[in-house]
Amino acid sequence: METGKTKIVLPPRIQRGDVIRVQVAVQHPMDTGFFRDANAEIIPPWFIKDVQVTLGDEEIARFEWTSGISKDPIVSFQLKAEKEGALTFLWTDNRGGKYSGTAELKFATA
């Protein structure tokens, strides 16, 4: 597994003013710290704690997570497409790891 690998899915055709569904998945083990490995050793907590979403230079969403989120989480939300730009997700985990993914939000031409 490549920790932090991010996949962003946008509709194939977007017009200005459309309300679109944004879907993003990130690969991360999201270990709670409550489980043990095959040797009965506690698996230390390792989870995404902060998700920041920007469009261009504007923050459009922020999520604060705990260890209760499942492995390889998926985020899905609606967004009114009023401007084009880089849609970026920045994930920060409790060990200081930072991961990101970007997709270009562009309007379809006639």
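Using this note's numbering, the first residue of the sequence shown is number 1, and each one after it goes up by one. Virtual Cβ for every residue (Gly too), placed ideally from N, Cα, C. Given the structure is predicted, the values throughout are model-derived calculations rather than measurements.
query = Sorted by chain position, which residues of the same chain lie with C-beta nearer than 8 angstroms to T3's C-beta, five sequence neighbours on each side aside?
reply = Q27, H28, P29, G97 and Y99
key: C-alpha gap between E104 and S76, whole angstroms   = The C-alpha of S76 is placed about 17 angstroms away from the C-alpha of E104.
inquiry  = Taking the alpha-carbon of R95 as reference, which of A81, D50, I8 and T6 has the nearest alpha-carbon?
reply    = D50
key: Contained beta strand (DSSP E) runs [length at least 3] in the region 42-81, N- to C-terminal order   = 48-55, 58-64 and 74-80
task = Inspect the beta-carbon positions of E16 and E58 and report whether they are closer than 9 angstroms.
result = Residue identity check: residue 16 is Arg in the sequence provided, not Glu. No, the Cβ-Cβ distance between R16 and E58 is not below 9 angstroms.
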